[in-house]
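Colleague: Below you'll find the structure I mean.
In this note's numbering, the protein residues as written are 6 to 330.
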């Protein structure tokens, strides 16, 4: 398998249902404003073609997220990333390697990251901004529903994932819209914080793989290490203790942005290809993680006693075979 990939060309039939191809420079017809209850920040109008995809029984937030996904990145989100990224550095030293070529940044991207703790979305956002990416990050429904911070996260382009419910499919539809509009979406293939004893990524689920194959979108592996030391797994006062300890110890918060995962030979709907894509994505994340934790390959230096260890790594010890399918 080649180390570097050439992004697949998007085809008209790769677009999700309800998205007709538009001629260059053609503007979308804008529908009625989305009802946001007068809250701040205001939601942009929902394009007419997307308004037809929203059903009466859908939750209110679905129309808002569809409208936000169809709009360019919020100016205030860009401002926060540009002016306040230094705040993340209070809790550790952010170190970024790798990057995304400019020609890929001009189009849609799926950025696949290992999930190691509640603090890592902040680290990933800062790291990706350094390499020229304005991320839209998938987040659990509980966080996006929280008072004050929830509406702000939603407006930045965060995509709500209601795990284990029938509403989970809404995240896929919002992600499709964001990608069709050229967005850069960060997703966690594992679907939650990793629970392997050695901290190596799990094999993940096939959802991201199916999206990538269906839309022909490049998948960029994002490997990270160190953010798990900032906030413990369990939601109690221990989170405050680990946060304060991180300010004192300032752990290295390492992020590596790798080359696109090779998926050109795979096809959506062909038997076994979604699984093959899933393993290749997990392998790419694992390979990028090896140099970030080279001194901790067998056992993490920091062990969170509150985190369950019930899962199995896709590639234990970070050992990835050369002959992946």
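Just so it is clear, CB atoms sit at the ideal spot from N, CA and C, and this is done for glycine as well. Here the structure is a predicted model, which is why all the values come from computation and not from measurement.
Excluding sequence positions up to five away, which residues of its chain have a Cβ less than 6 angstroms from the Cβ of residue 165?
Modeller: Result list for residue 165: 146 and 149, in chain order.
Colleague: Quick one: any contact between the region 109–120 and the region 283–292, if contact means 3 or more CB pairs under 8 angstroms?
Modeller: Touching, yes, given that three or more Cβ pairs across the two stretches are closer than 8 angstroms.
Colleague: With 16 other CB atoms within 10 Å as the buried threshold, where does residue 30 fall?
Modeller: Summary for residue 30: the model assigns pLDDT 40, below 50, so the residue's position carries little reliability; its value from the coordinates is reported in the next sentence. Looking at its Cβ environment, which holds fewer than 16 other Cβ atoms inside 10 Å, residue 30 is exposed.
Colleague: Let me know if residue 300 comes out buried or exposed under the rule of 16 or more other beta-carbons within 10 Å of its beta-carbon.
Modeller: Exposed: under 16 other Cβ atoms inside 10 Å.
Colleague: Going by Cα to Cα distance, which pick from 201, 221 and 241 is closest to residue 185?
Modeller: The candidate whose alpha carbon is nearest that of residue 185 is 221.
Colleague: Note down the Cα distance separating residue 242 from residue 330, rounded to an integer number of angstroms.
Modeller: Their backbone Cα atoms lie some 45 angstroms apart in a straight line.
Colleague: Any chance the region 199–206 sits against the region 83–91, with 3 or more Cβ pairs inside 8 angstroms?
Modeller: Result no; under three Cβ-Cβ pairs closer than 8 angstroms.
Colleague: For residue 255, which option in 97, 63 and 75 has the closest C-alpha, if you only look at C-alpha atoms?
Modeller: Closest option to residue 255, Cα to Cα, is 97.
Colleague: Taking only three categories from DSSP, how would you classify residue 298?
Modeller: Residue 298: helix per DSSP, three-state reduction.
Colleague: Going by Cα to Cα distance, which pick from 236, 322, 303 and 308 is closest to residue 93?
Modeller: When only C-alpha atoms are compared, the closest one is 236.
Colleague: Counting pairs of beta carbons, one from the region 250–269 and one from the region 101–112, are three or more of them closer than 8 angstroms?
Modeller: The region 250–269 vs the region 101–112: in contact.
Colleague: Using beta-carbon positions only, say whether residue 179 and residue 108 come within less than 8 angstroms of one another.
Modeller: No.
Colleague: Helix, strand or coil for residue 219, going by three-state DSSP, please let me know.
Modeller: Residue state, collapsed to three classes: helix.
Colleague: Can you confirm whether the region 153–164 touches the region 65–80 when touching is taken to mean that 3 or more C-beta pairs between the two stretches lie within less than 8 angstroms?
Modeller: Verdict: yes, contact present.
Colleague: Taking the runs of the alpha helix (DSSP H) that are 4 residues or longer, which of them lie wholly in the region 145–209?
Modeller: Entirely contained in the region 145–209, the alpha helix (DSSP H) runs reaching 4 residues are, in chain order, 146–149, 154–160 and 173–185.
Colleague: Go ahead and pull the three-state DSSP assignment for residue 259.
Modeller: Strand.
Colleague: I'd like to know whether the C-beta atoms of residue 213 and residue 176 end up nearer to each other than 8 angstroms.
Modeller: The answer is no: Cβ separation not under 8 angstroms.
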